[in-house]
Structure formats: C-alpha cells, structure tokens
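Visitor: Counted the way this note's numbering counts, the sequence shown spans residues 1 to 1124. Glycine included, C-beta positions come from ideal geometry on N, C-alpha and C. Could you have a look at this structure, given as structure tokens, before my questions?
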Amino acid sequence: MDQDSIQTRPPEPITITVLRARNLKGTKADSVQVMVKVEFGEKTLGDSPKVECTPETPAELNFSTTINCTYDDPLALDEIAHKPVVLTVIEGLPKEKKQKEEKTALLGQCTVDLLPLVKGEVKHKYTLVVNPLPGSPLEGIPPEHAKPELDVVISVNEPLMDSPQASSGNLMTITMESLLSPPESWTLAGSQYCYAAALPIPVTADKEAPIIFAGGALKPGADKEIPNKQKKWAMPGSAQANAVYIPDSYISSDSIEDEDGELRAKEDRDHRMISESEKLRVPWNTERRCYMENSAVKSFQDKIAKCRYWPVEVMRLPPPAANKGKKHAASEEEGSISYHGVAYINLAPLLYPGVKRIRGAYKVHAYTDHALHEKTKRKTGYGEEAGRIAFNILNRNSASPFPKKAGKEKDEKKEKEVKKGASQTIKSDTGSEVDGQAPVNVEGQQYVDSKSYIMLEISLTSPLIPKRPPEELARRVAEYIPPRPLFPKRTDGAQRSVEDFHNQVASVANLILDEFRDQFGDELKMDEPQSNESMETRRQKLIYELNSSGKYFAFKEQLKHAVVKIVREKYLKTTTFDNRQELQTFLSELYVYLIDQMHVALGRSLALEDQPPVPTPLTDSAQLKHFAREAEVNENFELATKYYQERIARNKNDPTNWFEYGTFCLYINDITKAEECFKECIAIDQKHLQGLLLYGVVCTLLEKHEAAETFFEAATCVDPKSILAWTMLGLFYDTVNNEIGAEMAYIEANKLNQAAAWSAVRQQRDEEMAKDKKDMDVTGEELEAPHPGDQGGLAPPPAAAPETKQPSPPSSEKPPTSARSGGGRSMSDRRQSATRRSEPHLHPDNSGTGSKLKSDSSMSRPGSQLKLGSQRGTPQPADDTQEEPPPREPTPIPKSSVYMQAIDWLLEVKAVPFTERALAHELLTPTGGPTSNYHICYARLKLQKKEFNDAEESLTEALQFDHQNPDAWALLGHVKYMTGDTTNARDCYERTVSFVSDASEMHSIYLRLASIYLQDRKFEDAKNTFLLACKRSPSCVSWLGVGIACYRLDELSEAEDALSEANILNNTDPEVWAYLSLVCLKTGRQLEAEQAYKYALKVNLQDQELLAEIHEVQQAVGFGNPEF
C-alpha cells in the first residue's frame, strides 16, 4: 500500500490567472465592461467577473482557474503540450428598456501556451496581444495606438515532471509546413477541397497513434500572395481568426545546404525556386507537439534504427458540410479520400550524436500498401482513418475556410462523380498485390509527375543519442593516456642532496686552494723545475697547517651536513644499524660513492679552460627524417630505426618525432611499438590531431573499439573543420558496422569539402579581380598619357578601355549563392540546439538559395512589383531601367573527394586496412570511380603490401587514363625494380625523369636509376644521376653513389671528396669506409688506407665482393692490411 502511494503521484493542478486587461475598446465607447472566458480544448474552465476597463485604467481581473494534470494517463502531458488555453475577451453591453437578458459582444481572443510548464518551469508570465474577432471594435484600433493586451500567469506547485521523468522522456515538435508543386489538375477554380497530412507517432512501447494535420487549403504562388510564416496550433479549440496562430512562433528558413531532405542537388534548386514562387501550394504551417515517455522514446529510436524511413501520408478530402441539412452527403464522403500520396522521411539523422532537429524537402510518392511495406516495413498506412479524423475536425469548425464559388454547379457534379470513381480505384490500388504485379495509384502518380514535395520539420528537446562534449572526450583521452609534463619535476630528495654535496666539495676545494696559494705562492712563481720531493714536502706542510690551525675540522664540519643528507635522502637510512657488520658494509659503500662524487665535483670545478666544447650535430631533425625515409625505401629497416630513434633522443618532447617513428613501426607491422609511440605523442600533446587518429587506427587493429571511438571523436572535437578527422570517423564506423554513424560523418566531411571548394573559388576570384583592377589602372594611365604615335581622332576614347577589360561576369560580382561557402560550419555547431536553425541565417552568401531568397525579396517589394520576384521565366519589368537578376553562380566541384584526401594521408602513414576501406568508397563515389588517381593509389597500397602483380595491373590501367602521368611511370619502375626486372625499371625511370613535371617523390627514382647504371657499368650516367639526387636532397647513400662512380671512372680526387661527404653524414656506413680504403690504396697513403680498412671491418662490412676487391688491391700495392 505504501509502495503504491509512493509510485502514484496525485494530480497536479495547473493554475491559470488572468491578472489584468488593458487598451480595450468597446462597441459604443472607449470605456468597456469586460469579462474573460477561459477554455481548454472543448472544456470551459470558467468566466471572470465583469470589470470596467478605460483607456487610462486597466481592468484588474485577478481571475484564477485550474486544470488537473493526472499522471495515470500517458497522454496527459501530451495534451498539455499541444493544446492552448483560449482566452476570449467579452464585452458586456448595457441593457435596453425592453430587454430581458443582458447582451454580450465578442471582442477578441488570445491563446496561452502551457509548454513552459512541460519543460519544467513552475511559473511563467505572459503579456498577450488580444487578436480582434471579425466585426469587433478592436479591428478599428489604428496601428500606432497601443494594442489590447492581457497579463496572464500560469503556475504549478511542483514541476509537472520529476527529474527521472524529465531526463527519460522527450518532447517532439512536428511542423508540417507546405505541399509545394502540387498536381497540375488542382486549380483555384470551382469547389475548393481540404487537404490533410498524417504520420504515426509512438505513444507507448507497443502502440502508435496517427497525428493529423487538417485544414490545408490550396493557395496561389508567392508571387501573387505573400505566404504567412507564423505557425498555427494543431488543436486550436475554440480559437478563431488570428488567435489560431502560436504567439511568436514562425517557420524557420534554412539554406538548402543545411537541410536534411531529398531535394538538395544542384538540378533540384531551379525546380524548388519555381515551385515556391510561381506554382500553387497547400500550406498548413501547423505545429504539433508530442510528449513521449521513456518507453515511447526507446520504441521510436528502435524503429528508426531498424528502418530509417518514416511515412507521412498526404491526401485530399471533400469540402466539409456547410450545414446540418447535408449530413447524409457528408457521411457518404466522410471516408472518401483522393490523391493519396506518401513522403518517406529519412529520420536517420535523428540518431546522429547530438542531433535534435531535421528539416527539409521530401518528395511525395504515390501511395500503395506494397510500396509502403517495401520502404518502411509497415503493412498499411493511416490514410482512411486519418481522412475520417480530419473530416470530423473540419466539420466541428463553425467557420469553414473553404467557400464555394458560384456558377460551377455542373462542373462540381461531374468532378464529384469522377472523384468517387477515383476513390474506389484508390481503394483497390492500395490493396495487396494482384497476380504478382505491384499495384498502381493513378491519382497519386500525379504527385510524381509534378515533382511534388512537402516541407517538414521535426525537432526534439533532447537528442536521442547524446553527443559527448569535448570536455568529456578530453577527459577520456587523458584517462587512456595521461598527459606528460614537458620537463621533469625537480625534487628535494636524492638528486638535490647530491647536488648540495657537489657544491660543498667545490667550496672546500676553493678554500684549500686559497690556503695553498698563501703558503707556497712565492715558490711557485719561480721558474725552477718542480721535483717530486718538493711537491711531497709542500703537501705535508699543507696538511700540518690545516690540522694545527683547526681548518681541517672546519672543512669537515662544512661537508658533514651534505653527507648526512645523502645518507637520509639517497640511502634512506634514518635508524641505527642492527649489527656492526651491517654498519661496516654500509660505510664502505658510502665511502666509495662519496669518493666518486667528489671526483665528479672536482672535475667540474677544476676543469681545464682549453677543453674543447661539444660540437653541434652536423645533421638536423629534417635531415634525419630524410635519411630514415631513404632507408625505408631501400628496405634497410635497421638503419631507419636508428635514425628515428636518434631524432627522439635529440628531442624527446617533440610529439612529431614520436608520431613519425610510430608510422614507421606501423609500416613494419610492429603494432605494439607503434601503439607506444602514439601514446607518447598524445601524452606530450593531447590535441595532436594525427596522433589521435592513428592511435584510433591502432586501437581498431587491436579490436579496442570503444577506445578507438573515443580517440576518433576527440579528433573531430580538436579540429571540427578537419575533413580528414570526419572521414576517418566514418571509416571507423564502417568497420564496426554503424551505418548511421558513418553516414553522419561522411555528410559532415562532404560539407566541409564543399565549403573548402567555395573558399578556393572566392580566393581565386578575388585574386583575378585584384589583378584585373591593377591592369585597368595601368591601362587608364596609358590612355591618359599622350603617345607620339596617336592619330588624332582615330585614337579610341578613354571610356572604352574599361569595357575591354571586364574583371569578371556579373554573377561573380555577387557573393556565392550557396550557404556552403559561408565558412563550413560543423555538425556540432549546426545541430546543437533545436532552435538554432529557426533563427534567420545572416550569411552574406545566402541570397540565392531556396525559399529564403524569395521570401526576403518579396517581403521588401511593393505589391505592384511582386511579379518581378520570380527567379525564372521572363519577368515583365515595370520600367526600362530595371534589369534581370544575374544568373545563380554554379556550385564549384571539389578537386578531390573526402575519401581521396583520406587515402593520400593513409598511404603516407601506412594504415593499410583503413586505406583499403577508403579506396572501396572512392570506387563507389559518383565523382570518383576507377580514375587514374584511384589506380595510382591502389598501386601504392599494393606496393606496401608487396603484391607486385596487382600493383602492375593497376598501373597499367592508370596509364590508359593518362599516359604521361609521371607518378604512374615511377611506381611502375618501382614494381619492376622490386621484382628484379632492371631493364624495364630503367626504361620507366628514364621516362619519368624526361617528363616536364616531376613525380611526387624523385629521390628514390634517382637512387634506383643510378644504381641500375652502376650495375650496367654506365658509370658516367650513374655519376650524373647520383649528383641530381645530391642536388635535391643530399644523403650518405647519394654521395656514396657519386664516390663509387668516380672511383670506377678513376677520378680519385672527386671520389675522395664525395666519400668524405658521405662519411660526414653517416660515419658508420661500412661501404663508405671500404671505398675510402680503396682510394687511399690507389693514392699510396698507407696509414689512412689501414685506418679506413679497420673501420670498415669494425662496422661489419658484409659485401664479400667488395672485401675481395680490397684484398686484391692491398696485395697489388703491398700495404693496407695490418694482418700481413
């Protein structure tokens, strides 16, 4: 019993208090007796007492009434969210003489929105404008006068939802805007029909209910009638006239690039501009709020995950009955719907992390049960049920907004007969398949033929999938890899105690030296030679003086404190010893350590002044990186490892050094060491973008998917505008089969890529305009200056010069019309709040997109010029001075797809699995496919995997696309070289070198081509090719090649110079020492020849042929080998 009472919450009363009314005007005088009627839905909550209101004194009503919100009904909060409280202001007229009852007159209405209470507020105050009703005296109030207003307060004692309920539930807002480009058979002539839309919404975990948008009416295009952007209540109750509109709530206007619908391509924009400006439309502009409890939210999320498409059905209804005498006719047509269409809304973006709102244009298709089931996995729709509900809603309205036009009775009868037959056809069409053929909806097909579409917006108060904030991701990254300080912390422990001992030893040594100089300084000034006996005598005298004067004990006391600190801090000895043997052992160890440290301290303080400084390294970090890459190409991985480790040893706090060593370890498939390197990189710099990405790659290879997702998401937060980061996140989601996450990441990457293309176009255009302006200035100066060769009146006039130098076409003088050029906002910026895009976008380049252009331009244009707002066709200008608007600037195409940009980086960092996945995406991209660049990247991947046959086939395909591509020929040469076909490799390399443009990597081409020349004994060609490599980027290998070629050409002086350069760059290369020994043997330098030979053996010369050649020359000259 107690448990039930805890779980069941009693009804919560909602109090509506009407405080006062002001600025009201009566029928006969400014002073008016007013009362306010309060209604909620179909229920009247109460009437306030009559209070007098004058222009100077507001009417203090102070009337309160309540609504009970029960919690045993799951639809209670939903009803409060989408139904308004209607306040009707009523004037009490004075009684006439023979009048029995007092008359009243309706002045106006306003609606109170209870949404703040649903969102958790306990009190909210409104100042609402009273909308005049037809025939009310309020209609005659001039615009410059104060508007009639009501002050209203809504309140609850406690929040309507407790914290768990508020966090688990969700409030979904659906805005059905308009049906655009309707079937051409719909006209404004004759009987006007009603139009409705419906879609299912989960109520509980197992139950759905249709949401109906009734009251749509056919309207002319925006050229003839400016559309009203204010939203209407879905269930206005008794509200009439302008009271059916939600206060301060308007249809949002987004650029086409920011929409989530279907009609966003370049070829669809012209159709949308025509449809929104010139064609008929069916506006609803209705907002319906739906509260979903926790089970309904989970059901909604699961259904989207299983099938991303959500049906929104559109239909035409017969006009509502004009009076009660036509009940029978109404009952016949009540369930008769026609033009049954359906739009399939892709709700997958609502499963993107952090997304709370989608809006876009969605195509309307012909409705059939077969197509519905195929697309949404639903057996039937809600068309018939929705039609009956909508028809009942329309019949309840007292003032029908669908008047008939006279003079069309015969046409109406014929049309009814046709529609009845059509309705029957639809019922059969929407059934199941017959004879294995899909049914056809004849009327619905007209939507497809007319390219009809609906504008729809869906928003949530909280995202279905919460997005982890950057702070949390940074914390998670720090948990996986704690940040490391750049410099070690200084401690007051063992290290400080040893430093103090060194300082005291140096101080005592200086004091002893001063004492020695005082006693024996005069003797040392003489130039007499010093004997051992005299030096020993001085030493004994010094010791005697120190002992007799007491200075020895003073020096010992000065060192005593430093020794005690060493015992305590370094040896951690703070207690007495247990036995004498342990004490003696410790004293011996301490004595040895103190003597060693004393020598260290004396060595520092008594160092010779002429000691040479440590030389600076001859190579910097960039050269070491070049040497390491060269060793990689030559597959000398041991030498490459040495160079990478040397870079790290020089600067351990540089994250780039660790990152590049990690990519090398990834290349040689040492995943464990690569993981350690990327960890060090991120520990040093927690925002190292490429380090975060490659650590995510390593975690994916090790199947640590949760950690990988954290690091990929952290990369997108570090640089939200990085195309690479979003593409890598999409490739990771592909790996774990998260289709919706991959779709979200690729969409964001493509938007950023398009924004980069816009930026490049603008920059190029600005440069061209600046250049043309400069040329025009120069041309103008030349025209103004007199020329000796002028022919009088035959010279062209100065005003003609600018016409011959057009800086750009008219369209380029405008900013780009696509919002994608507006800076490439990231998805986290664009979708953080449900109301973000409801605000007008003030980008300077939105002037030519979608409906925003039309609405803005037409709103600022007088009615006589509305026709000029059309962006299509041939507008008729009002006078000869007006010009046609310039054509919209075409959308630029990015130079490369997001996948190709990722492929280039992945090939550089040797992340093979992700490269394969990106290549597969590039192959399926509409702008990609098997292009020359694709085949080259594919060949590079196969080269990394040592699959030479596949690489050669791909390069053959690439050369068919572009026979003069130097990269393709270079890679083909590498394939031939690696497979031992040096003849064909030489041909490929020679062709690459002969091209006008160089390949992307020429150093390895020069080295391999020159090595082939050496094998073929073409020493002059080898020398010249190696010198080209040295000129571009000198290295030990390139200078060694020059030295070998010169030695073979018997150019010993040049060979020695080249080998010396190679030895400077790497003094541990055995071949360099071996050829230096040969040069010294040939030039007759015995000592140098023997030294070079010994170093060649010391650094492990493995080339037996070269070793045998050295022995032959040694025997020929008779020296060079110390062994004989």
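Could you tell me if residue 935 is buried or exposed, where buried requires 16 or more neighbouring beta carbons within 10 angstroms of its beta carbon?
Guide: buried
Visitor: If you follow the alpha helix (DSSP H) that residue 276 is in, where does it begin and where does it stop?
Guide: 266-277
Visitor: Measuring only the C-alpha atoms, how far is residue 159 from residue 482?
Guide: 42 Å
Visitor: Could you spell out the range, first to last residue, of the alpha helix (DSSP H) harbouring residue 682?
Guide: 671-684
Visitor: Might you give, ordered along the chain, the residues of its own chain that have their beta carbon closer than 7 Å to the beta carbon of residue 1058, omitting 5 neighbours on each side?
Guide: Take residue 1058, set aside five residues on each side of it, and the residues of its chain with a beta-carbon closer than 7 Å to its own are 1039, 1042, 1043, 1046, in chain order.
Visitor: Mind checking who residue 453 pairs with in its DSSP beta bridge?
Guide: Bridge pairing for residue 453: 180, 363 [DSSP].
Visitor: Let me make sure I understand the geometry here. Which of 168, 514, 618 has the alpha-carbon closest to that of residue 1194?
Guide: No statement about residue 1194 is possible, as the shown extent of the chain runs from 1 to 1124 and does not include it.
Visitor: Span of the beta strand (DSSP E) holding residue 286?
Guide: 281-292
Visitor: Decide yes or no for the touch test of the region 915-934 against the region 719-734: beta carbon pairs closer than 8 Å, at least 3 of them.
Guide: yes
Visitor: Below 8 Å on the Cβ atoms is my guess for residue 601 versus residue 505; work out the distance and round it to an integer in Å.
Guide: Right, their Cβ atoms sit about 4 Å apart.
Visitor: So which of 128, 313, 279, 907 has the shortest CA-CA distance to residue 226?
Guide: 279
Visitor: In the DSSP assignment, find the beta strand (DSSP E) that holds residue 233 and state where it starts and stops.
Guide: 230-233
Visitor: With residue 87 as the anchor, note down where its beta strand (DSSP E) starts and where it stops.
Guide: 85-92
Visitor: Inspect the beta-carbon positions of residue 740 and residue 351 and report whether they are closer than 9 Å.
Guide: yes
Visitor: Alpha carbons only, please: which of 134, 94, 188 is nearest the one belonging to residue 107?
Guide: Residue 134 holds the alpha-carbon nearest to the alpha-carbon of residue 107 among 134, 94, 188.
Visitor: Can you grab the Cα-Cα spacing for the pair residue 1152 / residue 375, in whole Å?
Guide: In the structure displayed, the chain extends from 1 to 1124; residue 1152 sits before or after that span and is not available.
Visitor: Cα-Cα, which of 61, 674, 42 is closest to residue 50?
Guide: Nearest C-alpha to residue 50: 61.
Visitor: Might you give, ordered along the chain, the residues of its own chain that have their beta carbon closer than 6 Å to the beta carbon of residue 230, omitting 5 neighbours on each side?
Guide: 245, 250
Visitor: What number of angstroms, rounded off, separates the C-alpha of residue 701 from the C-alpha of residue 692?
Guide: 14 Å
Visitor: Just how far apart, CA to CA, sit residue 258 and residue 930?
Guide: 30 Å
Visitor: Looking only at its chain, what residues have a beta carbon closer than 6 Å to the beta carbon of residue 950, apart from the 5 residues adjacent to it on each side?
Guide: These residues qualify, in order along the chain: 942.
Visitor: Just the C-alpha distance for residue 113 and residue 742, rounded to the nearest angstrom, thanks.
Guide: Residue 113 and residue 742 have their C-alpha atoms spaced approximately 39 Å apart.
Visitor: Can at least three beta-carbon pairs, one atom from the region 286-299 and one from the region 196-208, be found at a separation below 8 Å?
Guide: yes
Visitor: Give the straight-line distance between the Cα atoms of residue 617 and residue 500, rounded to the nearest whole angstrom.
Guide: 32 Å
Visitor: Note down, in chain order, each residue of its chain lying with its Cβ closer than 6 Å to the Cβ of residue 349, except the 5 sequence neighbours on either side.
Guide: 260, 355, 358
Visitor: Look up residue 811 in the DSSP assignment and say whether it is helix, strand or coil.
Guide: Low local confidence applies: a pLDDT of 37 at residue 811 is under 50, so the model's placement there is unreliable, with the coordinate-based value given in what follows. Of the three classes helix, strand and coil, the one that applies to residue 811 here is helix, per DSSP.
Visitor: Just tell me which of 539, 118, 364 has its CA closest to the CA of residue 171.
Guide: 118
Visitor: Here's a check: name, in chain order, each residue in its chain whose Cβ is nearer than 6 Å to the Cβ of residue 982, leaving out the five neighbours to either side.
Guide: 1012
Visitor: For residue 964, which residues of its own chain have a beta-carbon under 8 Å away from its beta-carbon, when the five flanking residues on both sides are left out?
Guide: 995
Visitor: Look up residue 111 in the DSSP assignment and say whether it is helix, strand or coil.
Guide: DSSP, reduced to helix, strand and coil, places residue 111 within a strand of the structure shown.
Visitor: Which value, in whole angstroms, describes the spacing of the CA atoms of residue 1208 and residue 725?
Guide: Since the first and last residues shown for the chain are 1 and 1124, residue 1208 lies out of range.
Visitor: Within a Cβ cutoff of 7 Å, which residues of the same chain sit near residue 1093, ignoring the five residues on either side of it in sequence?
Guide: Excluding positions up to five away in sequence, the list reads 1077, 1110, 1120, 1121.
Visitor: Report the residue from 654, 718, 365 whose alpha carbon sits nearest the alpha carbon of residue 471.
Guide: 718
Visitor: Going straight from the alpha carbon of residue 827 to that of residue 35, what length do you get?
Guide: With a pLDDT of only 45 at residue 827, under 50, the local geometry of the prediction cannot be trusted, and no value is derived from it.
Visitor: Assuming the contact rule is C-beta atoms closer than 8 Å, residue 18 and residue 152 should be a hit. Round their C-beta distance to whole Å, please.
Guide: 6 Å
Visitor: Could you say which of 449, 586, 121 lies nearest to residue 577 if we only look at CA atoms?
Guide: Ranking 449, 586, 121 by Cα distance to residue 577 puts 586 first.
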